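In the working numbering, the protein residues as written are 3 to 405. Just so it is clear, CB atoms sit at the ideal spot from N, CA and C, and this is done for glycine as well. Being a predicted model, the structure only gives us computed values, none of them experimental.
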Amino acid sequence: MFENPDKPNPSEEELRTQRTWTRVYIIALIIILTTVFLFTILAFQSNAITVKNPTLDIYRGLPKSADCPCSNSSIPYYTFVNFKPLFHDVCESDFIKSHGKWMSVLDDLRKNQTLHKRSLRTFQGMALFHFYSLQIMCDIVKKTIDHELALFLNSTFISVEMISSESFNKRINGTLSNLQNIIPINFNHLLQLIQDMYSRNGLVSSLTTNWYPIIFNETSGEKIYMQAHRYNLSSCSCATSPTCMEPMTLELHSGPKWVVPGMMIGCLPFETMLQSTAECIYDQNCLNNISQQLATESFLPLSASRTRFKPINTQKFQSIADELFIEDWRVNVSYDNYFNSCQPATCSYTLWKRFNISHSLSTLLTIYSGVCILLEIFIPLGFKFGQKYLCRRNGQIRPMVNS
3 MFENPDKPNP
13 SEEELRTQRT
23 WTRVYIIALI
33 IILTTVFLFT
43 ILAFQSNAIT
53 VKNPTLDIYR
63 GLPKSADCPC
73 SNSSIPYYTF
83 VNFKPLFHDV
93 CESDFIKSHG
103 KWMSVLDDLR
113 KNQTLHKRSL
123 RTFQGMALFH
133 FYSLQIMCDI
143 VKKTIDHELA
153 LFLNSTFISV
163 EMISSESFNK
173 RINGTLSNLQ
183 NIIPINFNHL
193 LQLIQDMYSR
203 NGLVSSLTTN
213 WYPIIFNETS
223 GEKIYMQAHR
233 YNLSSCSCAT
243 SPTCMEPMTL
253 ELHSGPKWVV
263 PGMMIGCLPF
273 ETMLQSTAEC
283 IYDQNCLNNI
293 SQQLATESFL
303 PLSASRTRFK
313 PINTQKFQSI
323 ADELFIEDWR
333 VNVSYDNYFN
343 SCQPATCSYT
353 LWKRFNISHS
363 LSTLLTIYSG
373 VCILLEIFIP
383 LGFKFGQKYL
393 CRRNGQIRPM
403 VNS
């Protein structure tokens, strides 16, 4: 390959040099072309892709690295979240409905009772106020939850760009879980405030269940004294403790009084309701006994299988109220609605892919002639430079040896 046209009959030494250059040329050419081929076949090529007005199906098919800015970065929760509680059956039952059969019976029963100390300790005298307190509690709970949910659903979910369904569900579940924890805390603060207001201010119940008046007629005029009720076999006075209570009893037509399971009476009807259980309204025998004594038709009990608050005979309304009478939450989160509210106008991402073999071969053909020319120029120059360098080096060493 490196023949000298001016010397048709080169010497043996020149032939050896030309053969050496040719071998180096071939080896260098193979190495260079192989390196270029491997580099092009293994290298990645970037390709920026933009998708305009993508649908949800198109978005789901995009790489996770896709950047899809939201047209609306502040999205109200109500557009994609439906979040409602499933309440305890007692709050939805006929037992607390103002014009329901149960409350009507208790109201008629109470109207036939004379307001005196004896009636304040019986089912006949106090059952109406017991269930009326329970009705008030359920109403307060529902209004509190409605208010808190309205505040939450009208607040905004900040989403600068579209996020994956996994990230979306993780964020929303965390937010809803936090809300489920905060609502009972806020409600319990309110309930505790009401209880403290009654107990610490010594308020007199309109039913005279904690204090009752004693009127003395004297020649100088009438005097009224307030006497505290005592409960639990007179061991607890409402003057010293507003939480005094004892089991509620049902007066029978004959025989001793019958203790109504789970129901309490005491200084304050609202407080005693909280310390009572729902045992009786889950027990058909209890309801039958009451119906028999009241000469009314029987009532159907609540189903114990529908509540998570167990055991029923020990689960006080206070502990149920602490959890807002909520059996469960109905949660419906729509990722589709979130996408529609986000409304990404464009989605962009970079696609990386390897060069194909045809591209690599095309690259080799492109550079082949140039590489050949460069090798033909630089291989002889390299050898000549190397020979001069070696000769100069040998010329410098000889004088040192002769000396």
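DSSP three-state assignment for residue i, whether helix, strand or coil
i: Gln345; result: coil
i: Asp69; result: strand
i: Gln229; result: strand
i: Met139; result: helix
i: Ser84; result: First, the residue type needs correcting, since residue 84 is Asn and not Ser in the sequence shown. Asn84: strand per DSSP, three-state reduction.
i: Lys54; result: strand
i: Met266; result: strand
i: Glu168; result: helix
i: Ser350; result: strand
i: Phe159; result: strand
i: Ser94; result: First, the amino acid is wrong: residue 94 is Glu here, not Ser. Correct three-state label for Glu94: helix.
i: Leu252; result: strand
Buried/exposed call for residue i, threshold 16 Cβ in 10 Å
i: Thr211; result: buried
i: Ile399; result: At Ile399, the pLDDT of 45 sits below 50, so the modelled position is not reliable and the matter cannot be decided from this model.
i: His468; result: Because the chain spans 3 through 405 in this model, residue 468 falls outside it and cannot be assessed.
i: Arg123; result: buried
i: Glu378; result: exposed
i: Thr42; result: buried
i: Leu193; result: buried
i: Ile187; result: exposed
i: Glu273; result: buried
Presumed contact (8 Å Cβ cut-off) between residue i and residue j, rounded CB distance
i: Val262; j: Thr251; result: 7 Å
i: Thr146; j: Ser350; result: No, Thr146 and Ser350 are not in contact; Cβ-Cβ is about 46 Å, not under 8 Å.
i: Met275; j: His132; result: 5 Å
i: Leu155; j: Asp338; result: Not a contact, Cβ separation roughly 18 Å.
i: Asn74; j: Ser343; result: 6 Å
i: Leu88; j: Asp330; result: 5 Å
i: Val83; j: Ile160; result: Going by Cβ atoms, the distance from Val83 to Ile160 rounds to 14 Å, so no, they are not a contact pair.
Straight-line gap, residue i to residue j (C-alpha atoms, nearest Å)
i: Pro78; j: His90; result: 29 Å
i: Tyr227; j: Cys288; result: 39 Å
i: Leu195; j: Thr81; result: 35 Å
i: Lys144; j: Leu326; result: 8 Å
i: Thr19; j: Leu40; result: 32 Å
i: Asp324; j: Tyr200; result: 19 Å
i: Ser135; j: Ile60; result: 56 Å
i: Leu130; j: Thr158; result: 44 Å
i: Val26; j: Ile381; result: 8 Å
i: Tyr370; j: Gly384; result: 20 Å
i: Thr365; j: Arg21; result: 29 Å
i: Cys393; j: Ala50; result: 57 Å
i: Ala68; j: Ser336; result: 21 Å
i: Thr309; j: Lys113; result: 33 Å
i: Glu150; j: Gly264; result: 32 Å
Distance cut-off 7 Å: residue i Cβ against heavy atoms of the ligand SAH
i: Ile328; result: Looking at this structure, you won't find the ligand SAH or any other ligand, since it has none at all.
With a threshold of 8 Å, are at least 3 pairs of Cβ atoms found where one atom belongs to the stretch 89-102 and the other to the stretch 294-309? yes
Is the stretch 260-280 touching the stretch 301-321 in the sense that three or more CB pairs, one from each, lie closer than 8 Å? yes
Between the stretch 265-272 and the stretch 228-240, do three or more beta carbon pairs fall short of 8 Å? yes
Does the stretch 196-213 come into contact with the stretch 155-174, if we say contact requires no fewer than three beta-carbon pairs (one atom in each stretch) closer than 8 Å? no
Three or more beta-carbon pairs under 8 Å between the stretch 337-349 and the stretch 100-116, yes or no? no
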